[in-house]
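Numbering (UniProt numbering), first residue to last: 1 to 603.
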């Protein structure tokens with residue numbers, strides 16, 4: 001079957017031809033015809049099966065180019081996927097005059113997104129939190145909505161978006177088409193479908209069976225900015241004599257190669273922008289052992305026949321567990337032992353869980369190797385090299401016979417000289433510092449264990465942020481945690497105790513992420529209200545009750561009441577009555593009440 005047999009309009013068929021697609025995938029062949037007729041669809045299909053076209057084509061066909069209003073809305077679990085889907089939609093709409101699309105996601109300025117919405121964009125792809133925010137602000141109107149799409153719905157539920165999704169969908173028109181795609185069908189997914197879809201057609205595509213290699217698999221949780229340094233340490237420790245590193249995009253591949261070349265390593269790249277002659281030259285150099293590390297994208301590495309890779313590094317986890325299996329399958333071949341290492345960030349725990357469930361294997365969690373461990377590995381490697389060279393070395397140079405040194409002194413001096421030759425200074429990364437913020441991933445409930453919180457005793461090791469919104473606005477700890485992690489981009493474990501008072505909230509964060517959070521969240525929205533976030537410079541003690549479940553650790557801070565400490569039984573001073581001398585505040589004396597009005601603290 002061809003795309004032209006599916007009943008697709010000529011403009012989209014022309015775009016499909018430009019994209020180079022010849023025949024539809026199974027999910028496209030089965031989902032597009034009923035979707036074009038207006039039926040609700042539930043598609044059970046894994047990532048990489050072509051489902052983006054399966055829902056984008058019917059959605060684009062339903063859009064009226066003359067109507068400059070949102071007519072198709074797609075929910076995605078991450079900003080990366082939202083951007084990827086939007087790009088595919090724009091390619092498919094290449095010959096549809098007057099049809100435009102925009103990605104909407106948190107962690108970035110509202111300005112460009114609001115400008116696109118006000119221009120009258122028809123296709124919106126976004127993450128639930130930011131979409132809900134814009135809808136409640138009145139900036140995203142869905143009165144003309146015709147098609148609702150949920151992509152990777154199982155992942156959205158795993159990430160804790162169910163409440164946001166249901167709140168968002170409750171504000172959409174009842175008369176609409178719903179296209180629902182998920183890799184799995186859990187009871188939660190089934191219940192959600194029952195609430196939002198109207199007699200949907202269920203289409204299931206079986207995943208091909210793959211053999212998972214029995215190599216040693218481990219994972220490091222590191223900031224993205226630290227990953228090149230951690231990769232360098234793997235090389236320094238001799239764990240990458242012949243390594244293959246995978247990244248998801250060409251840009252990241254280039255960044256990795258540039259970073260490793262600057263450190264003096266023999267490394268090269270493979271990605272789709274390279275001509276075939278250059279690809280062959282790089283592969284030949286890697287096979288001959290002239291390169292110790294090859295960095296590639298999944299597409300560029302397809303079809304490579306490399307049998308003696310001792311380690312595969314996932315600089316980024318692939319979105320599809322099947323791609324993960326293909327990647328690590330390039331090691332542990334022909335009976336050899338192999339190792340696969342993956343770097344993850346705070347946003348990757350849901351994806352990591354999906355991969356582990358798919359492979360049926362648990363990855364070993366490892367800590368980043370310290371500078372002391374790297375130095376010890378260097379010394380051991382040097383000793384081994386000296387011993388190996390001693391067995392096949394010839395006569396000593398005549399000059400050495402005249403040196404008036406004891407053999408031990410001479411060996412020690414030569415050892416130090418060799419150890420310093422070509423030695424690279426390790427760069428300090430946040431993972432090198434002892435962290436008091438050992439917590440569970442975002443969305444797992446309380447921010448960290450009681451043991452971890454009891455360890456927070458030094459004000460110098462954390463920063464307190466002040467938010468001029470609290471219980472009066474209906475703010476809860478999970479709302480603030482979601483704001484910090486999703487909108488602010490805080491790394492996993494960098495948010496500590498959260499104290500919510502009647503009119504304001506206090507949030508303890510790791511000092512290295514405080515500047516980023518202040519920049520991203522200076523003025524933001526939470527629970528539908530606009531609030532300000534800034535560093536707290538010290539406030540007088542408060543009589544407002546705080547949320548007991550997120551009690552502060554022993555952290556009085558500068559100017560804080562001892563009431564802020566855990567276990568304190570002292571009562572705080574009462575707020576001065578109206579007419580009394582106002583208290584001295586180093587902070588902004590205003591808060592927003594439940595109606596969004598500015599009020600003074602002493603009112």
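Each residue gets a CB set at the ideal place from its N, CA and C atoms; glycine is no exception.
>> In the DSSP output, what is residue 103 paired with across the bridge?
In response: Counting from one through the chain shown, the residue named residue 103 turns up at place 103. In the DSSP output, where bridge partners are listed per residue, residue 103 has 125.
> In this structure, does DSSP put residue 315 in helix, strand or coil?
Replying inline: Residue mapping note: residue 315 aligns to position 315 of the chain shown, counting from 1. Correct three-state label for residue 315: coil.
> Given that a residue counts as buried once 16 or more other Cβ atoms are within 10 Å of its Cβ, and exposed if not, what is residue 15?
Replying inline: As a first step, residue 15 is located in the chain shown; it is residue number 15 there, counting from the start. Under the 10 Å beta carbon count, residue 15 is surrounded by 16 or more other beta carbons and is classified as buried.
> Is it buried or exposed for residue 454, if we count other Cβ within 10 angstroms and need 16 for buried?
Replying inline: In the chain shown, residue 454 corresponds to position 454, counting from 1. Residue confidence for residue 454 is low, a pLDDT of 32 falling below 50, so the modelled location carries little weight and cannot support an answer.
> Whose CA, out of 3, 272 and 316, lies closest to the CA of residue 345?
Replying inline: In the chain shown, residue 345 corresponds to position 345, counting from 1. Of the listed residues, the one whose Cα sits closest to residue 345 is 316.
>> I want to know whether the region 95-102 touches the region 9-26 - three or more CB-CB distances under 8 angstroms.
In response: Yes, since at least three Cβ pairs between the region 95-102 and the region 9-26 fall closer than 8 angstroms, the two stretches touch.
> Closest by CA to residue 477, which one among 180, 506, 116 and 350?
Replying inline: Taking the first residue of the chain shown as 1, we reach residue 477 at position 477. With distances taken between Cα atoms, residue 477 lies closest to 506.
>> So residue 309 and residue 243 are supposed to be a Cβ contact under 8 angstroms. How far apart are they, rounded?
In response: Position 309 of the chain shown holds residue 309. Position 243 of the chain shown holds residue 243. Right, the Cβ-Cβ distance comes to about 7 angstroms (below 8 angstroms), so this counts as a contact.
> Alpha carbon to alpha carbon, what distance is there between residue 240 and residue 258?
Replying inline: For the purposes of this step, residue 258 is taken as the residue at position 258 of the chain shown. For the purposes of this step, residue 240 is taken as the residue at position 240 of the chain shown. Here the C-alpha atom of residue 258 lies approximately 18 angstroms from the C-alpha atom of residue 240.
>> Counting C-beta neighbours from all protein chains within 10 Å, is the total for residue 494 16 or more, i.e. buried, or is it exposed?
In response: Mapped onto the chain shown, residue 494 falls at position 494. That one is buried.
> Between which two residues does the beta strand (DSSP E) harbouring residue 216 extend?
Replying inline: For the purposes of this step, residue 216 is taken as the residue at position 216 of the chain shown. Residues 216-221.
> Per DSSP, what kind of secondary structure is residue 176 in: helix, strand or coil?
Replying inline: Reading the chain shown from its first residue, position 176 is the one you call residue 176. Judged by DSSP in its simplified three-state form, residue 176 adopts coil rather than helix or strand.
> What do you reckon, are the CB atoms on residue 265 and residue 285 nearer than 8 angstroms?
Replying inline: On the chain shown, residue 265 is found 265 positions in, with the first residue counted as 1. On the chain shown, residue 285 is found 285 positions in, with the first residue counted as 1. No, Cβ-Cβ distance for residue 265 and residue 285 is not below 8 angstroms.
>> For residue 369, count the other beta carbons within 10 Å of its own beta carbon; 16 or more makes it buried, fewer makes it exposed. Which is it?
In response: Within the chain shown, numbered from 1, the residue matching residue 369 stands at position 369. Buried, since its Cβ has 16 or more Cβ neighbours within 10 Å.
> Taking DSSP as the reference, what is the three-state secondary structure of residue 324?
Replying inline: Position 324 of the chain shown, counted from the first residue, corresponds to residue 324. In the structure shown, the three-state DSSP call for residue 324 is helix.
>> Can you list, in chain order, the residues of its chain with a C-beta nearer than 7 angstroms to that of residue 154? Leave out the 5 residues immediately preceding and following it.
In response: The residue you call residue 154 lines up with position 154 of the chain shown. Taking residue 154 as the centre and dropping the five residues before and after it, the same chain places the C-beta of 182, 183, 184, 186 and 189 closer than 7 angstroms to its C-beta, in chain order.
> Under 8 angstroms between the Cβ atoms of residue 161 and residue 77?
Replying inline: For this step, residue 161 is matched to residue 161 along the chain shown. For this step, residue 77 is matched to residue 77 along the chain shown. The Cβ atoms of residue 161 and residue 77 sit closer than 8 angstroms to each other.
> Taking residue 70 as the reference, which of 148, 87, 358 and 35 has the closest Cα?
Replying inline: Walking along the chain shown from the start, residue 70 turns up at place 70. With distances taken between Cα atoms, residue 70 lies closest to 148.
>> Just to confirm the assignment, what range does the alpha helix (DSSP H) spanning residue 153 have?
In response: On the chain shown, position 153 is the one that residue 153 refers to. First-last of the alpha helix (DSSP H) with residue 153: 153-158.
> Where in the region 481-509 do unbroken runs of the beta strand (DSSP E), each at least 3 residues long, occur, reported from the N-terminal end onward?
Replying inline: For the region 481-509, the full-length beta strand (DSSP E) segments reaching 3 residues or more read 495-500 and 505-509 along the chain.
> Looking at C-beta atoms only, is the number of pairs between the region 213-231 and the region 46-63 that lie closer than 8 angstroms three or more?
Replying inline: Inter-segment contact for the region 213-231 and the region 46-63 is absent: fewer than three beta-carbon pairs are separated by less than 8 angstroms.
> Between which two residues does the beta strand (DSSP E) harbouring residue 202 extend?
Replying inline: In the chain shown, the residue the question calls residue 202 occupies position 202. Note, residue 202: beta strand (DSSP E), 201-204.
> Is it right to say residue 473 is buried, meaning 16 or more other beta carbons lie within 10 angstroms of its own, or is it exposed?
Replying inline: Within the chain shown, the letter at position 473 stands for residue 473. A residue is called buried once 16 or more other Cβ atoms fall within 10 Å of its Cβ, and residue 473 is buried on that count.
> Is residue 201 closer than 8 angstroms to residue 34 when the C-beta atoms are compared?
Replying inline: Residue 34 sits at position 34 when you count from the first residue of the chain shown. Residue 201 sits at position 201 when you count from the first residue of the chain shown. The answer is yes: Cβ separation under 8 angstroms.
>> Helix, strand or coil, according to DSSP, for residue 192 in the structure here?
In response: On the chain shown, position 192 is the one that residue 192 refers to. The three-state secondary structure of residue 192, taken from DSSP, is helix.
> How is the alpha helix (DSSP H) around residue 36 delimited, first residue to last?
Replying inline: As a position in the chain shown, residue 36 is number 36, starting the count at 1. Looking at the DSSP string, the run of the alpha helix (DSSP H) that includes residue 36 is 26-36.
>> Let's see if you can read the secondary structure: which residues bound the alpha helix (DSSP H) around residue 523?
In response: As a working note, residue 523 is residue 523 in the chain shown. No alpha helix (DSSP H) holds residue 523; the beta strand (DSSP E) holding it covers 523-526.
> Within this structure, are the beta carbons of residue 140 and residue 131 separated by less than 8 angstroms?
Replying inline: Translated into the one-based positions of the chain shown, residue 140 becomes position 140. Translated into the one-based positions of the chain shown, residue 131 becomes position 131. Residue 131 is positioned such that its CB atom lies closer than 8 angstroms to that of residue 140.
> Do you know whose CA, among 341, 296 and 522, lies nearest residue 365's CA?
Replying inline: What you label residue 365 is simply residue 365 of the chain shown in a count that begins at 1. Nearest option by C-alpha distance: 341.
>> If the criterion is Cβ atoms closer than 8 angstroms, does the pair residue 178 and residue 40 meet it?
In response: In the chain shown, the residue the question calls residue 178 occupies position 178. In the chain shown, the residue the question calls residue 40 occupies position 40. In this structure, residue 40 lies closer than 8 angstroms to residue 178 by Cβ.
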